[in-house]
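Residue numbers (our numbering): 1 to 187.
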């Protein structure tokens, strides 16, 4: 069964990738992946807003008609798409990938009007977007608060409903703290 990594799907099992799907509004992926050989990834995602924190990573990805953008260690990524999107990625052998990937369903974001607010600010970050402007991605160094939340999620030892509640809360906490960080940069 294919697994996804930041919207990227592989036709082989990704070892030590933990996935918690919380209802139809939230998809949380905790990634702990030792890459033994070069991996080419095919991507597909539905309309969504995705928040990622990558403690360790390497490689690149692109979507739609964008140029490749390198994954960077100790960085956050925000990805937003209003339509389904395809792309590709690459992760080189020897990469020890640790990170958190949280996708919020498009119908939840419509209520919050969050995606537009997050991408309106032109901050000091790397960014790319599709020519038709239906998909965009930005990445920037992770603020300390996001590092803390990401490490707490990666280190979660709880099980069952306790784990579900903690990861759901941390997902919204990370989104809230990133929103506050971006608002602070705008002022």
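We put the beta carbon where it would ideally sit given N, CA and C, even for glycine.
In or out: residue i buried (at least 16 other Cβ within 10 Å) or exposed?
i           : result
residue 138 : buried
residue 99  : buried
residue 91  : buried
residue 142 : buried
residue 115 : buried
residue 54  : buried
residue 150 : buried
residue 86  : exposed
residue 75  : buried
What are the partner residues of residue i, as DSSP defines its beta bridges?
i           : result
residue 124 : None; residue 124 has no bridge partner.
residue 51  : 78 and 102
residue 213 : With the chain covering only 1 through 187, there is no way to say anything about residue 213.
residue 39  : 91
residue 129 : 136
residue 68  : According to DSSP, which records beta bridges pairwise, residue 68 is partnered with nothing at all.
Under three-state DSSP, which class holds residue i?
i           : result
residue 187 : coil
residue 168 : helix
residue 163 : helix
residue 34  : strand
residue 135 : strand
residue 10  : Confidence at residue 10 is low in this model, with a pLDDT of 37, below 50, so the placement of that residue should be treated as unreliable; the coordinate-derived value is given next. Strand, per DSSP.
residue 45  : strand
residue 118 : helix
residue 173 : helix
For the alpha helix (DSSP H) that contains residue i, what are its first and last residues?
i           : result
residue 150 : 144 to 154
Got a sec, what are the start and stop residues for the beta strand (DSSP E) residue i sits in?
i          : result
residue 98 : 96 to 105
residue 88 : 85 to 91
residue 61 : 60 to 63
Any contact between the region 128 to 143 and the region 53 to 72? By contact I mean 3 or more CB pairs, one from each, below 8 Å. yes
Please determine if the region 78 to 85 and the region 148 to 160 are in contact, where contact requires at least 3 C-beta pairs separated by less than 8 Å. At 8 Å Cβ cutoff, the stretches do not touch.
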